[in-house]
DNA sequence: TTAACATATGAACATTTATTCATATGTTCA
DNA sequence: TGAACATATGAATAAATGTTCATATGTTAA
């Protein structure tokens, strides 16, 4: 637990480039399809087709968005035969989503 | 072949509408100008012009983005004479940014 | 090898969105 | 009241982005 009474605690301002990267990260979370994918694979890994069926969306759409998630290192990939299974990369990702949910649901 | 075996229920999947709201929230964080504004006013409230000067951007740009932040209840507003002072709404907002920073900086 | 399936990708299109310019609204003080 | 200042806003523009369609790549089994 943190004590909020510290009077003059200044967090350093992150420099410009970091803030651009941060914006890019949040941009990835700022699309409902990607969010739904992340939530869908947050507990168990899933194949691309399985995700597409679950969300009732085109395989192509899911694949495109999975690439975005991959490029941002938010998902893990595992190939098994013809299928490719995706899962959330780490609990960090889940935490970010939950943090946002807290704000939305309040 | 739509026979989906019941998944092991861990956390409940947030319903569709909540995920849309969540995406909208992250969308707000997914712009570097808005992020810079939020970081800038995270410690001390600031007038619009002051923010614009600090970030070296047009007053109009800042004002437009402040409206977005206002509409999403991420900032607090206080008028004092001609000036209008903005500050971050609560520590929740700061937490979300810090959580994202953790991921970006790792 | 070929057929069937699973996934990825490029191009086109439509939609969203951030910024700028010009101007409106609102406030203070002479 | 009017001038000067601070902020907000509408319209226009340009850039970014998500989805779809068609097709390519990659894998397995016959």
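Residue numbers (our numbering), protein chains in the order written: chain A, 9 to 114; chain B, 9 to 114.
Heads up, the beta-carbon is just placed ideally off N, CA and C, and yes, glycines get one too.
Quantities reported herein were computed from a predicted structural model and do not represent experimental measurements.
Status (buried if at least 16 other CB within 10 Å, exposed otherwise) for residue i
i                      : result
residue 72 of chain B  : exposed
residue 113 of chain B : exposed
residue 101 of chain B : buried
residue 24 of chain B  : exposed
residue 86 of chain B  : exposed
Rounded straight-line distance, which links the Cα of residue j to that of residue i
i                      : j                     : result
residue 50 of chain B  : residue 47 of chain A : 30 Å
residue 14 of chain B  : residue 96 of chain A : Unreliable placement is indicated for residue 14 of chain B, whose pLDDT of 46 sits below 50; the coordinate value is still reported in the next sentence. Rounded to the nearest angstrom, the two C-alpha atoms are 20 Å apart.
residue 78 of chain A  : residue 31 of chain B : 18 Å
residue 107 of chain A : residue 76 of chain A : 21 Å
residue 90 of chain A  : residue 84 of chain A : 17 Å
residue 40 of chain A  : residue 27 of chain B : 6 Å
residue 103 of chain A : residue 70 of chain A : 23 Å
Among the options, nearest to residue i - alpha-carbon criterion
i                      : options                     : result
residue 88 of chain B  : B/44, B/22, B/23 and B/55   : B/55
residue 29 of chain A  : B/86, B/52 and B/37         : B/37
residue 45 of chain B  : B/33, B/61 and B/110        : B/61
residue 98 of chain A  : A/39, A/53 and A/67         : A/53
residue 93 of chain B  : B/34, B/33, B/57 and B/21   : B/57
residue 111 of chain B : A/63, A/110, A/111 and A/81 : A/81
residue 105 of chain B : B/20, B/22 and B/35         : B/35
field: Interface residues of the stretch 72-89 of chain A facing chain B [CB-CB below 7 Å]
entry: So the list is empty, because no residue satisfies the distance condition.
- request: Taking a Cβ distance cut-off of 9 Å, strictly less, list which residues of the stretch 31-45 of chain A are near chain B, in chain order.
  value: Residues 31, 32, 33, 34, 35, 36, 37, 38, 39, 40, 41, 42, 43 and 44.
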